[in-house]
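Shown next, in structure tokens, is the structure this report addresses.
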Amino acid sequence: DLFNINNQKMSDLMITSTIMIDIVDFQEKYIGGKVVTFYTVNVYDNYSRKKWILSKRYSEFEALHKNLAKLFPNVPTIPGKSLFKLKSSDALTKRKNHLESFLYQCVNRKDIMASDYIKDFLELDRHSPNLTFNSPKNQNELGNLPLGVRDFFYFQEENLIFIACSDMNIASRVDSYITNVNLPWEKDMGHMSVGAIMVFRINDKIKSSNNFEKWWAKSFPIQTGVINFNIKKSVLMIGLDDGKIILYQTGIESKFRDYVIIYEGKPHNDRVMGIDIEPAKNVAYTCSSDKKFIMTDLCDNNKFIEIETGKVGFTNLFYDRINERIFLTNEIGQVYIYLTNENIPINVKIVQTHTKNVLRGLEVSLKNYYIFTSSMKGDISILDLGNAGREKLVEEISYFGADLQLRIIRYNEENRELLTGDQSGKVTVWNLKEGKSIYTWKAHEGAITQMFYDTAHKILITGGKDRRIIFWELPEKWVNEDIERFEKEEIKNLNDTMAMLKFQKILEKKDDDSSSDDDSLDG
7 DLFNINNQKM SDLMITSTIM IDIVDFQEKY IGGKVVTFYT VNVYDNYSRK KWILSKRYSE
67 FEALHKNLAK LFPNVPTIPG KSLFKLKSSD ALTKRKNHLE SFLYQCVNRK DIMASDYIKD
127 FLELDRHSPN LTFNSPKNQN ELGNLPLGVR DFFYFQEENL IFIACSDMNI ASRVDSYITN
187 VNLPWEKDMG HMSVGAIMVF RINDKIKSSN NFEKWWAKSF PIQTGVINFN IKKSVLMIGL
247 DDGKIILYQT GIESKFRDYV IIYEGKPHND RVMGIDIEPA KNVAYTCSSD KKFIMTDLCD
307 NNKFIEIETG KVGFTNLFYD RINERIFLTN EIGQVYIYLT NENIPINVKI VQTHTKNVLR
367 GLEVSLKNYY IFTSSMKGDI SILDLGNAGR EKLVEEISYF GADLQLRIIR YNEENRELLT
427 GDQSGKVTVW NLKEGKSIYT WKAHEGAITQ MFYDTAHKIL ITGGKDRRII FWELPEKWVN
487 EDIERFEKEE IKNLNDTMAM LKFQKILEKK DDDSSSDDDS LDG
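Pasting the structure below:
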């Protein structure tokens, strides 16, 4: 049933797709008075046993490559344009083989096969609709925010979303900082807003223009960097880029409409990168790009206990209140683990991941006992956390990645998938078992700065510098389960066949070599 594809090419290729490609020849046609070369592409679907033929120009391959390169890292190459039209049969054959190799590599990457670009190019909707991947749906969107989103906290029980917004334009930020400085003889004339906290109530799950109701907003002369919310005590925590932290008390009595400042202090000299509180001890834990991890006494505005000063800035803080431990990441790929059962947190482990780059993403799965990190170089690390009490044994067990500037990482425990958000506004879904991306889509026009995955409703919430927060409904499965089973069984058989062909060629070569030696001896 398969095409008569060159056995050598087949044996060198690890097949991971049900689609097989063969560019059998090229033809020249006169169109608009010009000679145009068309390449005949045979497409075969192993799953449905369907075969169809496409006729494509070089410009169509070029457009496909250009679109894929915008969405995916390390896209296979295509032959470059020539200054003059290719005329010789050898040159056209060489280009044909390169284009064939390009398509081979594309269809054997699940993330590319899931894209609309390859689907349209191969006309899958028409010939093999079962192979099309399920896509996320934009269920709801909070757009046109006055400033870009730096962080948010989604309070599911009350359908509230707390958003930390900041002006992402460097020039306007500098102008605002200058304007916001009052000289000694000047009166306080207010300030230009560089940062803000906004609170919205989500009325229902149905998409509508009135779906989001603004509860309240507060502006600041400094960028708001991080935000957190303690549900039990109804305390909203804010970290600013000048090192200051502010805590607001709000609550059910006012339906979270009213708020009052209960603490304001400046434990750091630079951007606050993580914040949480422990009400039982009346302390706040913060980390910053100023290289410090600090515990603040919330009863004393000037009492800051410096727990750690690293060689580089810290980038994340996660407080596991149940098991009394804190996890930090930093700018050289390290994960710090502290126990908080004493008055002052004690460091029990520092894990160096395989990367030495900035870890912007941190996810701690307390259900499956994993720590996931992502770096600005596209590195993803998996650490074995284990049960509480095994913190000294935590180590990196796997890593993978791609050429992406990853900012956020989240874990879908049900499907064992990782979800990352990057600097260019794309969300990528990673198969944890294979360490490969299986789906990518453009979620924002700017960097994705925060994500939240609602397991119960299969909703991914993303926030970005493009001033939008989007609610994405994710599919139960990215691809048909029958096709997944087919790939595990039939594709394995195909690869076994290819391996056998390659082995036979090795044996044949050895036989030829032996015959050659015998002949030479006889002579």
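In the numbering used here, each residue carries its 1-based index in the sequence shown increased by 6. We put the beta carbon where it would ideally sit given N, CA and C, even for glycine. A quick note: this is a predicted structure, and the numbers were derived from the prediction, not measured.
The DSSP-derived three-state label of L412 is strand. Rounded to the nearest whole angstrom, the CA to CA distance from I118 to D460 is 26 Å. Comparing C-alpha distances from Y50 to each of Y445, K297, L130 shows the shortest one belongs to L130. By the C-beta density criterion, G201 is buried, having at least 16 other C-beta atoms within 10 angstroms. Partner residues in the beta bridge of M204, as assigned by DSSP, are I169, A223.
With fewer than three CB-CB distances shorter than 8 Å, the segment 450-458 does not count as touching the segment 396-406.
Take the alpha-carbon of K57 and the one of P135: they are about 13 Å apart. Residue pairing by DSSP places F333 opposite F324, I343 in a beta bridge. Taking a contact to require three or more Cβ pairs closer than 8 Å, the segment 481-490 and the segment 165-173 do not qualify as touching. Around the beta carbon of V266, fewer than 16 other beta carbons lie within 10 angstroms, which makes this residue exposed. D31 sits exposed, since fewer than 16 C-beta atoms from the chains shown fall within 10 Å of its C-beta. Nearest Cα to G395 within the set H360, S54, Y344: Y344. Non-local C-beta neighbours of N140 in its own chain, meaning closer than 6 Å and more than five positions away in sequence, comprise P481, W484, ordered along the chain. Burial is judged here by how many other beta carbons sit within 10 angstroms of a residue's own beta carbon; G392 has fewer than 16 and is exposed. Listed as beta-bridge partners of Y417 by DSSP are L424. E420 places its beta carbon 8 Å or farther from that of Q145.
Our two residues, E397 and T446, have alpha carbons roughly 34 Å apart in a direct line. Between G149 and F218, the alpha-carbon positions lie close to 10 Å from each other.
Taking a C-beta distance under 8 Å as the contact criterion, R101 and P82 do not qualify as a contact pair. Residue pairing from DSSP places N48 in a beta bridge opposite D28, I59.
A Cβ-Cβ separation of about 19 Å leaves W221 out of contact with R156 under the 8 Å criterion. Look at Y375 here: in three-state DSSP terms it is coil, with no helix or strand label. In the three-state scheme derived from DSSP, where H, G and I count as helix and E and B as strand, V485 is classed as coil.
Take Q429, set aside five residues on each side of it, and the residues of its chain with a beta-carbon closer than 7 Å to its own are Q411, R413, A453, in chain order. Per DSSP, reduced to three states, the secondary structure at T99 is helical.
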